[in-house]
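Peer 1:
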Amino acid sequence: MAPRPLGNTGLHVSRIGLGTVKLGRNTAVKYPRPFDLPSDAQVAALLAGALDLGVTLLDTAPAYGSSESRLAPFLALNRPLVVLSTKFGETFENGVSRHDFSSPALRASLDASLLRLGVPSVDLLLLHSDGKDLDRLAEGGMEALLAAKASGKARAIGISAKTPDGIRRALQGLDVVMAPLSRQAPALAAPLREAHEAGLGVIAIKVLDSGNAVEAPAAIRWVLDQGFVDSAVIGTLSLEHLAQAVRAAGGAA
């Protein structure tokens, strides 16, 4: 699975990325079936197996429970081999999601994430929007993102967006957009194409409709065949499912 440039960031990402919410959170998630959190040994095996498959993009967030801290042992040994993405704006503690998009809170959140991950910086930092993309960028998100990049704590910055307006706002100063895109929910395809054509990196999430897609390989190929998606992030605890996704990516245009 040959890596692909992530827009004009200078980063190269695997066509399939590993979403890590299932490493640290199994409550109030939108998956069709319940699941247990993996053991430390299972986490280590999953991450090592992902790397063996050529999956180098790892996506995490404070909203993913203990996901960041569970990545730390793997990153201590393999940091140069992966593209590490985290977010700020949402946390998940004691079973409750909380949002704070003020610039001071976002900066503190990033510092806490770096401590949990055990790294001095991340490759990609995204504003974890709650759907009010423009408001969240304006009230502190854009300022905190630019500060993170200027300080060297993030190589590239962007937004995990939910609206066309949020994606188009990213064209003014951001490097990457992440957004839901699937064969069942293609509504954001047009603004994502605009972002790609403007030189931004594009990462698709929810490509399997939060686990509800019937034909996963076909769903993955549909997303990657659009031509403007650099990487599709898959959240799974199964190496078999991840390998299936990698094979599907190999058959995409």
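21 is the number of the first residue of the sequence shown in our numbering; add one for each residue after it. Just so you know, even glycine gets a beta-carbon here, dropped at the ideal spot from N, CA and C.
Pair every Cβ in the segment 215 to 224 with every Cβ in the segment 162 to 174, then say whether three or more of these pairs are closer than 8 Å.
Peer 2: Segments in contact, no.
Peer 1: Do the CB positions of A215 and L191 come within less than 8 Å of each other?
Peer 2: Yes, these two residues count as a Cβ contact at 8 Å.
Peer 1: I think L137 touches E88, with their Cβ atoms under 8 Å apart; what is that distance to the nearest whole Å?
Peer 2: L137 to E88, Cβ: 5 Å. Contact.
Peer 1: Over the uninterrupted beta strand (DSSP E) stretch that includes L144, give me the two end residues.
Peer 2: Per DSSP, L144 belongs to the beta strand (DSSP E) from 142 to 148.
Peer 1: Please name the residue, chosen from Q62, V41, E260, that lies closest to T111 on a Cα-to-Cα basis.
Peer 2: Checking every option, the nearest Cα to that of T111 belongs to V41.
Peer 1: In three-state DSSP terms, what is L71?
Peer 2: L71: helix per DSSP, three-state reduction.
Peer 1: Work out the CA separation of N46 and P54 for me, nearest whole Å.
Peer 2: Whole-angstrom Cα-Cα distance: 7 Å.
Peer 1: If we ignore side chains and look at the alpha-carbon of each, how far apart do Y84 and A22 end up?
Peer 2: In a straight line, the C-alpha of Y84 is about 28 Å away from that of A22.
Peer 1: Using 8 Å as the threshold, is the C-beta distance between V102 and L135 below it?
Peer 2: The answer is no: Cβ separation not under 8 Å.
Peer 1: Nearest by alpha-carbon distance to G151: which of A48, A128, P200 is it?
Peer 2: If we check each option's Cα against that of G151, P200 comes out closest.
Peer 1: Using a 10 Å radius around the Cβ and a threshold of 16 neighbouring Cβ atoms, would you call G115 buried or exposed?
Peer 2: Its Cβ having fewer than 16 others within 10 Å, G115 is exposed.
Peer 1: Are D185 and L165 close, meaning C-beta to C-beta below 8 Å?
Peer 2: No; because the gap between Cβ atoms is not below 8 Å, this pair is not in contact.
Peer 1: Does the beta-carbon distance from I240 to P211 come in below 8 Å?
Peer 2: Not in contact: I240 and P211 (Cβ atoms no closer than 8 Å).
Peer 1: Classify A252: buried if its beta carbon has 16 or more other beta carbons within 10 angstroms, exposed otherwise.
Peer 2: Its Cβ being crowded by 16 or more others within 10 Å, A252 is buried.
Peer 1: Measure the alpha-carbon distance for L126 versus A218 and round it to whole angstroms.
Peer 2: So the alpha carbons of these two residues sit roughly 27 Å apart.
Peer 1: Starting from E260 and walking both ways along the alpha helix (DSSP H), at which residues does that stretch end?
Peer 2: Run containing E260: 259 to 270, per the alpha helix (DSSP H) assignment.
Peer 1: Based on the DSSP secondary-structure assignment, which residues constitute the bridge partners of F112?
Peer 2: F112 pairs with S117.
Peer 1: Looking only at its chain, what residues have a beta carbon closer than 8 Å to the beta carbon of P237, apart from the 5 residues adjacent to it on each side?
Peer 2: The answer, listed in chain order, is Q264, A265, R267, A268, G271.
Peer 1: Enumerate, from N- to C-terminal direction, the unbroken beta strand (DSSP E) stretches of 3 or more residues contained entirely within the segment 28 to 107.
Peer 2: Complete beta strand (DSSP E) runs here, min 3: 36 to 39, 77 to 79.
Peer 1: Spatial neighbours of H148 within its chain, please: CB distance less than 7 Å, with the 5 preceding and 5 following residues excluded, ordered by chain position.
Peer 2: A81, A83, K107, F108, G109, E110, S180, listed in sequence order.
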